[in-house]
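Participant: Take the sequence shown: its position 230, counted from the start at 1, is 313 in the numbering used here, and no numbers get skipped.
One structure, pasted below without further comment.
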Amino acid sequence: MTTPALLPLSGRRIPTLSPGASSFPHHRATLRLSEKFILLLILSAFITLCFGAFFFLPDNSKHKRFDFGLEDVLIPHIESEKEARHSSRQVIHGVGAHDEHPRELRERMPRATAETKTRLETQTHTVSIHLSPEGEKKKNTHMMKHAWDSYRQYGWGHNELKPIAKKGHSTNIFGNSQMGATIVDALDTLYIMGLHDEFKDAQEWIEQNLDFSVNAEVSVFEVNIRFIGGLLAAYYLSGQEVFKVKAVQLAEKLLPAFNTPTGIPWAMVNLKSGVGRNWGWASAGSSILAEFGTLHMEFVHLTYLTGNPAYYQKVMHIRKLLAKMDRPNGLYPNYLNPRTGRWGQHHTSVGGLGDSFYEYLLKAWLMSDKTDTEARKTYDDAIEAIERHLIRKSNGGLTFIGEWKNGHLERKMGHLTCFAGGMFALGADGSPDDKAGHYLQLGAEIAHTCHESYDRTVLKLGPEAFKFDSGLEAVAVRQNEKYYILRPEVIETYWYMWRFTHDPKYRQWGWEAVQAIDKYCRVSGGFSGVKDVYSSNPTYDDVQQSFFLAETLKYLYLLFSSDELLPLENWVFNTEAHPLPVLHQGNITLPGSETQR
84 MTTPALLPLS
94 GRRIPTLSPG
104 ASSFPHHRAT
114 LRLSEKFILL
124 LILSAFITLC
134 FGAFFFLPDN
144 SKHKRFDFGL
154 EDVLIPHIES
164 EKEARHSSRQ
174 VIHGVGAHDE
184 HPRELRERMP
194 RATAETKTRL
204 ETQTHTVSIH
214 LSPEGEKKKN
224 THMMKHAWDS
234 YRQYGWGHNE
244 LKPIAKKGHS
254 TNIFGNSQMG
264 ATIVDALDTL
274 YIMGLHDEFK
284 DAQEWIEQNL
294 DFSVNAEVSV
304 FEVNIRFIGG
314 LLAAYYLSGQ
324 EVFKVKAVQL
334 AEKLLPAFNT
344 PTGIPWAMVN
354 LKSGVGRNWG
364 WASAGSSILA
374 EFGTLHMEFV
384 HLTYLTGNPA
394 YYQKVMHIRK
404 LLAKMDRPNG
414 LYPNYLNPRT
424 GRWGQHHTSV
434 GGLGDSFYEY
444 LLKAWLMSDK
454 TDTEARKTYD
464 DAIEAIERHL
474 IRKSNGGLTF
484 IGEWKNGHLE
494 RKMGHLTCFA
504 GGMFALGADG
514 SPDDKAGHYL
524 QLGAEIAHTC
534 HESYDRTVLK
544 LGPEAFKFDS
554 GLEAVAVRQN
564 EKYYILRPEV
574 IETYWYMWRF
584 THDPKYRQWG
594 WEAVQAIDKY
604 CRVSGGFSGV
614 KDVYSSNPTY
624 DDVQQSFFLA
634 ETLKYLYLLF
644 SSDELLPLEN
654 WVFNTEAHPL
664 PVLHQGNITL
674 PGSETQR
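This is the structure:
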């Protein structure tokens with residue numbers, strides 16, 4: 084870090100020196116009294132600055148491991164491999180084991196990346212306000228407190244909250260059961276933010292009330308990412324055994340969903356009877372790519388924790404089946420029939436119906452300590468086809484990801500698709516053909532486009548979907564696409580881009596989102612989605628989504644936190660933002676896998 088100048092450059096008058104010439108007239112042998120006085124003033128100012136810096140700058144020794152006052156106890160101690168060799172504890176994550184990702188990404192990114200960053204900085208607005216990360220984190224914590232306290236008062240035990248009506252809320256993804264989805268989904272966010280009393284309340288409710296032996300038909304995908312992911316993350320962070328026990332109990336209830344002719348699971352399963360079925364609206368009774376393709380992280384951890392190979396085998400069977408199938412234009416359609424093993428409608432999307440399938444391919448590789456090269460190769464091949472067929476640049480210069488429908492590209496991008504900017508950045512290191520700089524740039528371009536979708540609305544909140552057609556760019560056209568339901572994907576990408584570039588614009592954009600959410604979505608009973616982001620007087624949808632506490636507020640908090648809080652060398656976030664540790668293959672053996680060390 085360079086020392087700041089004592090005087091602004093614009094205030095400096097430095098005479099040009101000619102070679103061999105003196106900078107002062109020959110008859111001036113001494114300084115005038117007025118010049119001596121000015122020099123004395125400058126010297127006094129310099130001494131004052133030095134003493135001020137010595138006495139008033141913060142003492143770094145107070146920030147032991149995590150910045151901003153986080154205690155070591157907040158996150159389990161991360162041992163180095165050297166320490167682990169002299170310890171009886173199993174190592175599930177370690178500082179020394181994984182140094183090349185993502186820290187080395189910043190250190191050895193190709194020179195083109197630096198040029199890329201320079202170009203990208205010219206595409207966005209200059210940061211116009213001074214951000215205080217500590218202050219922004221406190222604001223995010225206060226928002227979390229308001230959301231949690233409102234749920235605690237008006238919807239406790241229900242899956243979600245209706246903050247206007249001030250009562251509990253649920254949707255068909257949880258069946259007719261009251262499983263406390265918000266409690267489970269919010270666990271790790273409470274813990275990370277240091278809200279320990281609230282975390283204790285949540286733990287007590289789970290111990291006493293969370294029961295999976297209910298006659299309820301639930302979404303396998305949603306229950307996996309929110310409940311199993313949330314419980315596993317809470318277990319790894321806190322070490323409380325109850326969370327692991329509950330996660331395993333629920334996972335056993337999901338296994339009957341895989342009882343299909345192909346092993347591709349049903350979308351829904353009854354927790355009591357084990358009977359499964361698919362959504363009626365899905366193409367010809369198909370299962371959905373983003374649902375059956377978003378089980379790998381949690382199920383691998385279940386096998387790791389329990390020793391039961393069934394979980395690992397189920398998800399590896401899905402991967403092997405997909406590897407044998409033909410893919411039109413190299414693309415994965417969103418629908419697959421679990422009875423016949425054939426693709427349904429040829430619709431490919433990196434947004435809804437497809438999104439987290441690609442995310443979990445990359446994260447399977449990262450979570451395996453980069454030993455699952457099959458997952459990485461599958462991810463790289465899929466992204467290559469997506470670039471070729473789905474990614475385009477608008478007339479106005481905005482990079483977007485469209486949707487492929489029966490051989491035609493629809494020039495529309497969903498809010499859900501905006502997560503891909505962060506995914507491209509996360510996968511940059513390790514990409515083939517030295518394309519790390521390319522994918523970091525692509526991630527930044529997607530982040531810029533998604534920020535534009537926010538910036539071009541009245542509320543400065545992004546619509547559910549936006550078009551790039553007929554002269555319109557990054558703007559929603561249909562009324563049923565103008566809503567904002569507290570989604571996290573844009574902020575998720577801001578956070579990943581911040582971690583990999585430290586470009587201050589991402590914190591600036593995140594702060595804009597904080598202000599907009601707090602201004603337009605906060606109500607007395609919590610936070611609500613809005614139905615039209617282009618209206619200056621929007622109506623509320625009266626739902627506080629559980630993912631608002633699990634993802635949106637967590638990513639905002641992390642955006643203004645030190646990189647040492649949940650470092651990406653050691654943690655991989657599931658698609659619901661629940662952090663799971665990297666599994667170092669030298670210390671574990673998964674059934675059917677080979678240790679590659």
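Don't be surprised by glycine CBs; every beta carbon is placed ideally from N, CA and C.
(1) Return yes when the Cβ of A269 is within less than 8 Å of the Cβ of A285, no when it is not.
(2) May I have the straight-line CA-CA distance separating L372 from H430, to the nearest angstrom?
(3) Going by DSSP, name the residue or residues bridged to K476.
(4) Can you tell which of N563, I311, E564, T576 has its C-alpha closest to the C-alpha of E50?
(5) Are the CB atoms of L663 and Y603 nearer to each other than 8 Å?
(6) Do you know how far the Cα of W362 is from the Cα of N298?
(7) Specify the secondary structure class of I275 as computed by DSSP and reduced to three states.
(8) Of the choices F257, S215, T265, whose alpha-carbon is the least far from that of R235?
(9) So within the segment 220–302, which uninterrupted alpha helix (DSSP H) runs reach at least 4 residues, ignoring any that extend past its ends?
(10) Throw me the rounded Cβ distance for the H252 and N242 pair, which I believe falls under 8 Å.
(11) Cutting at 7 Å between CB atoms, please list the residues of its own chain near S321, excluding the five before and the five after it.
(12) Ignoring anything shorter than 3 residues, give me the beta strand (DSSP E) runs that lie fully in the segment 644–673, in order along the chain.
(13) Where does T454 sit, in a helix, a strand or coil, going by DSSP?
(14) Using the C-alpha atoms, what's the distance from K614 back to A660?
(15) What do you reckon, are the CB atoms on H498 and W487 nearer than 8 Å?
(16) Closest to G359 by C-alpha separation, out of W349, K518, S366, A367, would be which residue?
(17) Tell me whether V616 is buried or exposed, calling it buried when 16 or more other Cβ atoms sit within 10 Å of its Cβ.
(18) Please name the residue, chosen from D463, Y566, W592, that lies closest to Y623 on a Cα-to-Cα basis.
(19) Only counting the same chain, and skipping five residues up and downstream in sequence, which positions put a Cβ closer than 7 Å to that of A599?
(20) With a CB to CB cut of under 6 Å and the five nearest residues on each side skipped, what residues in its chain are close to L525?
(21) According to DSSP, is S370 helix, strand or coil?
(22) How would you label T386, buried or exposed, when you count the other beta carbons within 10 angstroms and need 16 or more for buried?
(23) Counting only runs that start and end within the segment 502–547, where is the alpha helix (DSSP H) found for 4 or more residues in a row?
(24) What do you get for E290, buried or exposed, if any count of 16 or more other CB atoms within 10 angstroms of its CB means buried?
(25) Contact defined as beta carbons within less than 8 Å: I believe T389 pairs with V331. What is the distance between those atoms, to the nearest angstrom?
(26) Ignore the nearest five residues each way along the sequence and tell me which others in S211's own chain have a CB closer than 8 Å to its CB.
(27) How many angstroms separate the CA atom of N391 from the CA atom of E335?
(28) So that I know if they touch, is there some Cβ in chain B lying closer than 8 Å to that of L445?
(29) Specify, as a first and last residue, the run of the alpha helix (DSSP H) that G497 falls within.
(30) Identify, in the order they occur along the chain, each residue of the same chain with its Cβ nearer than 6 Å to the Cβ of G312, setting aside the five sequence neighbours on each side.
(31) Please report the straight-line C-alpha distance between T584 and H667, rounded to a whole angstrom.
(32) DSSP beta-bridge partners for R360?
(33) Would S611 be called buried (16 or more neighbouring beta carbons within 10 Å of its own) or exposed?
(34) Could you tell me whether the segment 413–424 touches the segment 625–644, where touching means 3 or more Cβ pairs closer than 8 Å?
(35) Measure how close the beta-carbons of M496 and F549 come, nearest whole angstrom, since I'm counting them as under 8 Å.
(36) Please identify the residue among E287, G346, F375 whose C-alpha is closest to the C-alpha of G437.
Facilitator: Let me spell this out:
(1) yes
(2) 11 Å
(3) T482
(4) Nothing about residue 50 can be reported from this structure: the residues present for the chain run from 84 to 680 only.
(5) no
(6) 18 Å
(7) helix
(8) T265
(9) 264–275, 279–292
(10) 7 Å
(11) Y274
(12) 654–656, 662–664
(13) coil
(14) 25 Å
(15) no
(16) W349
(17) buried
(18) Y566
(19) L542, K543, L544
(20) F507
(21) strand
(22) buried
(23) 503–509, 519–538
(24) exposed
(25) 6 Å
(26) The predicted position of S211 is uncertain, since its pLDDT is 38 and thus under 50; a value taken from the coordinates is nonetheless stated next. Q591, listed in sequence order.
(27) 11 Å
(28) Here there is only one protein chain, and chain B is not present.
(29) Looking at the DSSP string, G497 is not in any alpha helix (DSSP H); the run it does join, the beta strand (DSSP E), is 495–497.
(30) E381, N657, E659, H661
(31) 26 Å
(32) M351
(33) buried
(34) no
(35) 6 Å
(36) F375
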